[in-house]
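Engineer: Take 0 as the starting number for the sequence shown in numbering that gives the first Met the number 0 and just add one per residue. Ideal Cβ positions, reconstructed from N, Cα and C, are used throughout, including at glycine. On a predicted model such as this, the values are computed, not experimentally measured, just so you know.
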Amino acid sequence: MDVLLLATLIGSGLLLPTAYAGIIGAPWAPTRIAVVKKAFDAVGISEKDVLVDLGCGDGKIMHEAAKRGAKTIGYELSPIMWCIAWMRTMRDKKTQVHYGNFFKLPIPPDTTYIFAFLMPKHMQKIREYIAKQPVQDATIIFSYAFPMQDVPPRMIFRAKKCAPLYMYTVKDIR
Ligand SMILES: C[S@@+](CC[C@H](N)C(=O)[O-])C[C@H]1O[C@@H](n2cnc3c(N)ncnc32)[C@H](O)[C@@H]1O
Numbered sequence: 000m001d002v003l004l005l006a007t008l009i010g011s012g013l014l015l016p017t018a019y020a021g022i023i024g025a026p027w028a029p030t031r032i033a034v035v036k037k038a039f040d041a042v043g044i045s046e047k048d049v050l051v052d053l054g055c056g057d058g059k060i061m062h063e064a065a066k067r068g069a070k071t072i073g074y075e076l077s078p079i080m081w082c083i084a085w086m087r088t089m090r091d092k093k094t095q096v097h098y099g100n101f102f103k104l105p106i107p108p109d110t111t112y113i114f115a116f117l118m119p120k121h122m123q124k125i126r127e128y129i130a131k132q133p134v135q136d137a138t139i140i141f142s143y144a145f146p147m148q149d150v151p152p153r154m155i156f157r158a159k160k161c162a163p164l165y166m167y168t169v170k171d172i173r
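Given below as structure tokens:
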């Protein structure tokens with residue numbers, strides 16, 4: 000096979016799903032970790048918890064929860080970001096990084112925390128997706144930078160140079 004054709008196919012295989020994730024959820028952008036640390040300390044994430052990151056990007060959020068002993072599950076549609084997340088979390092215990100579109104994947108019933116940093120225009124769709132998952136009403140949702148429309152957050156965490164981190168429970172959005 001022509002080298003140029005091969006390079007184009009590999010490039011498209013990596014870039015097309017990455018672009019698609021940017022359209023249906025959000026392109027990759029890092030969450031500033033200081034506000035996440037503050038929130039995780041405040042709620043007391045521990046080894047009893049399961050955190051799911053919807054669009055786990057570089058795996059930083061999962062790693063922060065894993066440091067506190069939690070089981071972590073990340074879903075990621077960009078093969079490039081999936082690879083980075085996998086490498087970042089490979090030494091964390093109880094961690095899974097799944098490749099795929101989270102809208103087509105289930106959130107496990109024992110999930111205690113859901114994390115999202117996704118575009119505001121998709122919030123309603125994300126809300127409907129989470130609401131129909133078999134998780135407990137008490138499961139906590141963190142949304143970085145963008146709030147849910149018409150749902151007052153239970154808490155808003157703030158830290159220097161970070162966007163706000165909004166906290167809800169699944170009951171609030173059902
Ligand atoms: C703004 S970044 C947030 C990354 C990480 N959660 C954090 O807070 O640092 C959004 C990530 O979600 C991924 N993404 C967007 N839509 C997705 C979908 N439907 N399924 C899986 N991943 C998705 C993107 O590829 C990107 O890496």
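Output needed for Gln148: all residues of its chain with C-beta closer than 7 angstroms, excluding positions within five of it in sequence on either side, in chain order.
Structural biologist: The answer, listed in chain order, is Met122, Gln123.
Engineer: If you follow the beta strand (DSSP E) that Ser142 is part of, which residue opens it and which one closes it?
Structural biologist: First-last of the beta strand (DSSP E) with Ser142: 139 to 143.
Engineer: Which residues share a DSSP beta bridge with Glu75?
Structural biologist: Tyr98, per the DSSP bridge assignment.
Engineer: How do the segment 55 to 72 and the segment 28 to 46 stand: do at least 3 beta-carbon pairs fall below 8 angstroms, yes or no?
Structural biologist: These segments touch.
Engineer: Between which residues of its own chain and Cys161 is the CB-CB distance below 6 angstroms, once the five residues before and five after are set aside?
Structural biologist: Only Arg31, Ala33, Val34 meet the Cβ criterion.
Engineer: Beta carbon of Gly21, beta carbon of Asp52: below 8 angstroms?
Structural biologist: Not a contact, by the Cβ cut-off of 8 angstroms.
Engineer: For the candidate residues Pro26, Met118, Lys93, whose alpha-carbon lies nearest to that of Tyr143?
Structural biologist: Ranking the options by Cα distance to Tyr143, first place goes to Met118.
Engineer: Three-state secondary structure (DSSP) at Met89?
Structural biologist: DSSP places Met89 in coil when its eight states are reduced to three.
Engineer: So Leu164 is in the beta strand (DSSP E); what residue range does that whole segment cover?
Structural biologist: From DSSP, the beta strand (DSSP E) with Leu164 extends over 164 to 168.
Engineer: Three-state secondary structure (DSSP) at Leu50?
Structural biologist: The answer is strand: DSSP assigns Leu50 an E or B state.
Engineer: Flag Met80 as yes when its Cβ comes closer than 7 angstroms to any non-hydrogen atom of ligand 1, and as no otherwise.
Structural biologist: Met80 Cβ: within cutoff of ligand 1.
Engineer: Given the structure, does Ile83 come close to ligand 1, in the sense that its CB is under 7 angstroms from one of the ligand's heavy atoms?
Structural biologist: No, since every heavy atom of ligand 1 falls outside the 7 angstroms radius drawn around the Cβ of Ile83.
Engineer: Kindly indicate the opening and closing residues of the beta strand (DSSP E) around Met154.
Structural biologist: First-last of the beta strand (DSSP E) with Met154: 154 to 156.
Engineer: Say the cut is 7 angstroms; is the CB of Thr94 nearer than that to a heavy atom of ligand 3?
Structural biologist: Among the ligands modelled here, namely ligand 1, ligand 3 does not occur.
Engineer: When you measure from the CB of Leu256 to every non-hydrogen atom of ligand 1, does any distance come out below 7 angstroms?
Structural biologist: One cannot answer for residue 256 here, as it falls past the ends of the chain, which runs 0 to 173.
Engineer: If distances are taken between C-alpha atoms only, which option among Val49, His97, Gln132 comes closest to Trp81?
Structural biologist: The candidate whose alpha carbon is nearest that of Trp81 is His97.
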